[in-house]
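In what follows, a single structure is set out as structure tokens and then discussed.
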Amino acid sequence: MNHKIIVLYESIYNGNTIKLARSMAQTLGCRFIQAQQALTEDLSQYSAIGFGSGIYFGTHHPALFEVVEKLD
Ligand SMILES: Cc1cc2nc3c(=O)[nH]c(=O)nc-3n(C[C@H](O)[C@H](O)[C@H](O)COP(=O)(O)O)c2cc1C
């Protein structure tokens, strides 16, 4: 398990993004969790964080931006 990389996603419509997140995480050998869940996690241990969501009304899911705002 690669503990330096994590993929964060939100996938609320067809599950399209979770398929991509799962595939990327499997290839990288890392965790993939919902961005909403990441809000309660310490992300400082990761040197690379991937973000992905569907586009909903012209923008990514708000939870992605909330996570980014919390990062150092
Ligand atoms: C309510 C809603 C709004 C959407 N708004 C946009 C949009 O503004 N631009 C766009 O390119 N796609 C839009 N889409 C399409 C989604 O981004 C696309 O279906 C995406 O693959 C959904 O990802 P998900 O299945 O992981 O949620 C919208 C879909 C829904 C259901």
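Here the sequence shown is numbered in my numbering, starting from 693 and rising by one per residue.
For each residue, glycine too, the CB sits at the ideal point set by N, CA and C.
Does ligand 1 have a heavy atom nearer than 6 Å to the CB of GLY742?
-> no
Taking the alpha-carbon positions, what's the PRO754 to ALA730 distance?
-> PRO754 and ALA730: Cα-Cα distance of roughly 13 Å.
Shortest alpha-carbon distance to ASN706 belongs to which of LYS762, SER745, THR751?
-> SER745
Thinking C-alpha only, which one of ARG723, SER715, ARG714 is nearest MET693?
-> ARG723
Thinking GLN726 and TYR748 are a contact (beta carbons under 8 Å), I'd like their distance in whole angstroms, please.
-> The pair is not a contact, with the Cβ atoms about 15 Å apart (cut-off 8 Å).
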